[in-house]
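Undergrad: Have a look at the structure that comes next, please.
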Amino acid sequence: MYQFFVDNSQILGEKIAICGDDYNHIANVLRMKAGEKVRISDEDGRSYLCAIDSFDADTVYAMILEYDGLGTELNHKIYLFQGLPKGDKMETVIQKSVELGVYEVIPVAMKRCVMKLDAKRAENKIRRWNAIAESAAKQAKRTIVPKVTEQMTYQQALEMARELDVVLVPYENERGMDYTRETIRNIKPEQSIGIFIGPEGGFADEEIAKLDADMHKISLGRRILRTETAGLATLAMLIYELDT
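Put into structure tokens, the structure is as follows:
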């Protein structure tokens, strides 16, 4: 079943109006017909099972059949602070982390980042990354579209992370999974969670030194994971312990 996202203003009583690119996708690409079912989520994360009702020149109208009060979102907002990786690895990180339930992805310029984004290039990248996030959210039947923010410096990322309840920092020099398990299991319902992932080459010593005392350096096991793998592994651990 296909998934679409709408603004609250597009919910018209018992019907939902779908327009713009999604109208073109439904009418001209998928060639859907009246009666076919779709899943629609609004900007507040509410989810509806609908059936295509009618078409006009630029709008598809879908009849609401059921309201899904449970939804597909985690009970925690998880923020992934990803050190910018080389090539197109960031696209993989965004796609897979959205599938796993991340709430927001924050690209972070760190000391050992090979990729450098100037203002014009960054604007194009952010636009593409958000398109990838939306596509992944549709595929995973998310009820929200996670945002990919503008690039931050490491210091800006730390300042943002200080507003969160729990911050996890997978670090290759940490050993033993007991502390990792204990830390994750102690996360309380609805607490916000930040995950810091270093780029290729890992964190610089001075970046680790800047972490606050209550930010948790954790191990992901005895193997060294690539930057595009570490965040996904952490998300998987969180889902296993916290997704109810």
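Heads up: the sequence shown begins at 12 in my numbering, then just goes up one per residue.
Backbone N, C-alpha and C define an ideal beta-carbon position, used for all residues, glycine too.
1. Check Ile-105 in the structure and name its three-state DSSP category.
2. Pull up the distance between the alpha-carbon of Ala-151 and that of Asp-55, whole angstroms please.
3. Classify Tyr-251 as buried or exposed, calling it buried when 16 or more other Cβ atoms lie within 10 Å of its own Cβ.
4. Give a yes or no on whether the C-beta atoms belonging to Gly-209 and Gly-94 are separated by under 8 Å.
5. Of all the options Thr-154, Arg-196, Val-159, Gly-205, which has the alpha carbon lying nearest to the alpha carbon of Arg-173?
6. Can you tell me which of Asp-53, Ile-198, Lys-221, Asn-39 puts its alpha carbon nearest to the alpha carbon of Ala-28?
7. Could you check if Tyr-78 is buried or exposed, using at least 16 other CB atoms within 10 Å of its CB as the buried criterion?
8. Give a yes or no on whether the C-beta atoms belonging to Tyr-72 and Ala-120 are separated by under 8 Å.
9. Does Glu-183 come out as helix, strand or coil in the three-state DSSP assignment?
10. With a CB to CB cut of under 6 Å and the five nearest residues on each side skipped, what residues in its chain are close to Tyr-13?
11. Just verifying my parser: in three-state terms, what is the DSSP assignment at Gly-242?
12. Does the beta-carbon distance from Lys-88 to Tyr-114 come in below 8 Å?
13. Just the C-alpha distance for Asn-86 and Asp-254, rounded to the nearest angstrom, thanks.
14. Ends of the beta strand (DSSP E) at Gln-14?
15. May I ask you to list the residues that DSSP assigns as paired with Ala-62?
16. Suppose the cutoff is 7 Å on Cβ atoms and the five residues either side in sequence are ignored; what does the same chain contact list for Arg-186 look like?
17. May I have the straight-line CA-CA distance separating Arg-153 from Ser-146, to the nearest angstrom?
18. Given a cut-off of 8 Å on the beta-carbon distance, is the pair Gly-242 and Val-104 in contact?
19. For Gly-82 and Phe-92, what's the separation of their Cα atoms in angstroms?
20. Return yes when the Cβ of Ala-144 is within less than 8 Å of the Cβ of Pro-157, no when it is not.
21. Would you mind stating whether Gly-46 and Ala-62 have Cβ atoms separated by less than 8 Å?
22. DSSP three-state label for His-36, please.
23. Rounded to a whole number of angstroms, what is the C-alpha to C-alpha distance between Met-74 and Ala-224?
24. Grab the span of the beta strand (DSSP E) containing Glu-217 for me, first residue to last.
25. Residue range of the beta strand (DSSP E) that Leu-236 falls in?
26. Asp-33: which of Ala-130, Glu-25, Phe-66 sits nearest, CA to CA?
TA: Per the coordinate set shown:
1. One-based indexing of the sequence shown puts residue 105 at position 94. Residue state, collapsed to three classes: helix.
2. The count along the sequence shown starts at 1 and reaches residue 151 at position 140. The count along the sequence shown starts at 1 and reaches residue 55 at position 44. The straight-line gap from Cα to Cα measures roughly 17 Å.
3. Position 240 of the sequence shown, counting from 1, holds the residue named residue 251. Classification for Tyr-251: exposed.
4. The residue given as residue 209 occupies position 198 in the sequence shown. The residue given as residue 94 occupies position 83 in the sequence shown. In this structure, Gly-94 lies closer than 8 Å to Gly-209 by Cβ.
5. The residue labelled residue 173 in the question sits at position 162 within the sequence shown. It is Gly-205 whose Cα lies nearest to the Cα of Arg-173.
6. For the purposes of this step, residue 28 is identified with residue 17 of the sequence shown, where counting begins at 1. Considering only alpha carbons, the answer is Asp-53.
7. The residue given as residue 78 occupies position 67 in the sequence shown. With fewer than 16 Cβ atoms within 10 Å of its Cβ, Tyr-78 is classed as exposed.
8. Your numbering for residue 72 matches position 61 in the sequence shown. Your numbering for residue 120 matches position 109 in the sequence shown. The answer is no: Cβ separation not under 8 Å.
9. One-based indexing of the sequence shown puts residue 183 at position 172. Correct three-state label for Glu-183: coil.
10. Here the question's residue 13 lines up with position 2 in the sequence shown. Within the same chain, Tyr-13 has close Cβ partners Val-49.
11. The sequence position of residue 242 within the sequence shown is 231, counting from 1. It is helical.
12. Numbered from 1 along the sequence shown, position 77 holds the residue referred to as residue 88. Numbered from 1 along the sequence shown, position 103 holds the residue referred to as residue 114. Contact: yes.
13. Locating residue 86 in the sequence shown gives position 75, counting from the first residue. Locating residue 254 in the sequence shown gives position 243, counting from the first residue. C-alpha separation (whole angstroms): 7 Å.
14. By one-based count along the sequence shown, residue 14 stands at place 3. Taken as a continuous stretch (DSSP letters only), the beta strand (DSSP E) holding Gln-14 covers 13 to 16.
15. Here residue 62 refers to the residue found at position 51 of the sequence shown. In the DSSP output, where bridge partners are listed per residue, Ala-62 has Lys-48, Met-74.
16. Indexing the sequence shown from 1 puts residue 186 at position 175. So the list reads Ser-230, once near-sequence residues are dropped.
17. Taking the sequence shown and counting its residues from 1, one reaches residue 153 at position 142. Taking the sequence shown and counting its residues from 1, one reaches residue 146 at position 135. Arg-153 and Ser-146: Cα-Cα distance of roughly 10 Å.
18. Reading the sequence shown from its first residue, position 231 is the one you call residue 242. Reading the sequence shown from its first residue, position 93 is the one you call residue 104. For Gly-242 and Val-104, yes; Cβs fall inside 8 Å.
19. Residue numbering aside, residue 82 sits at position 71 when the sequence shown is read from its first letter. Residue numbering aside, residue 92 sits at position 81 when the sequence shown is read from its first letter. Their Cα atoms are separated by approximately 25 Å.
20. Position 146 of the sequence shown, counted from the start, is the residue given in the question as residue 157. Position 133 of the sequence shown, counted from the start, is the residue given in the question as residue 144. Closer than 8 Å, so yes.
21. Here residue 46 corresponds to residue number 35 of the sequence shown, with the count starting at 1. Here residue 62 corresponds to residue number 51 of the sequence shown, with the count starting at 1. A contact, by the Cβ cut-off of 8 Å.
22. Position 25 of the sequence shown holds residue 36. Looking at His-36 - three-state DSSP - the assignment turns out to be helix.
23. Position 63 of the sequence shown, counting from 1, holds the residue named residue 74. Position 213 of the sequence shown, counting from 1, holds the residue named residue 224. Cα-Cα distance, rounded: 52 Å.
24. As a working mapping, residue 217 is identified with position 206 in the sequence shown. Counting along the chain, Glu-217 falls outside any beta strand (DSSP E), though it belongs to the alpha helix (DSSP H) covering 216 to 220.
25. Here residue 236 is taken as the residue at index 225 of the sequence shown, counted from 1. Looking at the DSSP string, Leu-236 is not in any beta strand (DSSP E), and its letter there is neither H nor E.
26. One-based indexing of the sequence shown puts residue 33 at position 22. If we check each option's Cα against that of Asp-33, Phe-66 comes out closest.
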